[in-house]
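Residue numbers (my numbering), protein chains in the order written: chain S, 1 to 131; chain F, 1001 to 1131.
Glycine included, each C-beta is placed from N, C-alpha and C at the ideal position.
From a predicted model like this one, the values you see are computed outputs, not experimental measurements.
Data first, discussion second: the structure below is written as structure tokens.
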């Protein structure tokens, strides 16, 4: 990212942070991942994700509101309701999967780094700023 | 992501959520982006990001603790302190940039979707679950 891109971030950065907040939510991550292979009904999603009805409803509303998941009602009795990633939702899935895979690949390095950092923090103070 | 990958998420998912929380922070996003072109000193970062000293110190500590940013002290007088993305930090930069670019490309579609959703929400209630 160039400095110009950083400057350009200001227009969309509020929305970008909301997107990171949203995909940082456990249930959102799992719902997006679970919809990777195609549309699912509410009850199927509920079972596969292992989430209660209230949390799933709330998660799906957020994703539908952002246009990441679409909701289709079929006029059967009882009505059948399918949830599916939209085209922009599929793009987001690929990026979110990338960060999950990065974390999985590096989880040991991250935990080792945290352990070492905390051990150093217990040592005598050091100059933090400077430069 | 397959169902197995979703199951596998449980081991690293706590860390993944922390990473999303961290990169969802405005200053973290800006610091990672600003370090894209190479190492910078604290004062340079402070000026380019436009952040106060306390917030920058806090942001850099979090990134250094996770092993995403490295901190090098040169024994000059006064000491010079450089901050640089680590190899795993550069991988994360690419993924984070991808989500920022996705947001920038789709910010109008997301805002239109939210507007339409809120307009529909003001209409008579609909069945939310079912299926």
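- Excluding the 5 residues flanking it on each side, residue 79 of chain S has same chain C-beta neighbours closer than 8 angstroms at 73, in chain order.
- Counting only runs of at least 4 residues, the stretch 23–108 of chain S fully encloses the following alpha helix (DSSP H) elements, listed from N- to C-terminal order: 26–34, 42–49 and 53–65.
- Taking 8 angstroms as the cut-off between beta carbons, the residues of the stretch 15–29 of chain S near chain F are 15, 16, 17, 19, 20, 21, 23, 24, 25, 26 and 29, in sequence order.
- Here DSSP, grouped into helix, strand and coil, assigns residue 1016 of chain F to helix.
- In summary, residue 1022 of chain F is buried, with 16 or more beta-carbon neighbours lying within 10 Å of its beta-carbon over all protein chains present.
- Put simply, the stretch 1106–1124 of chain F touches the stretch 58–75 of chain S. At least three CB pairs are less than 8 angstroms apart.
- Contact with chain F is found for residue 91 of chain S, since one of that chain's Cβ atoms lies less than 9 angstroms from the residue's Cβ.
- Residue 1059 of chain F and residue 75 of chain S have their C-alpha atoms roughly 51 angstroms apart.
- For residue 30 of chain S, same chain residues with a beta-carbon under 6 angstroms away, outside a window of 5 residues either side, are 49 in chain order.
- Residues of the stretch 91–112 of chain S with a Cβ closer than 7 angstroms to any Cβ of chain F, in chain order: 91, 92, 95, 97, 98, 99, 100, 102, 103, 104, 106, 107, 109 and 110.
- Along the stretch 47–70 of chain S, going in chain order, the ones with a CB nearer than 9 angstroms to a CB of chain F are 48, 49, 53, 56, 57, 60, 61, 64, 65, 66, 67 and 68.
- When secondary structure is reduced to three states using DSSP, residue 1123 of chain F falls in the coil class, being assigned neither helix nor strand.
- Taking a contact as a CB-CB distance under 8 angstroms, the pair residue 1099 of chain F and residue 20 of chain S counts as one, their CB atoms being some 7 angstroms apart.
- For residue 41 of chain S against residue 81 of chain S, the beta-carbon gap comes to about 6 angstroms, under 8 angstroms, which counts as contact.
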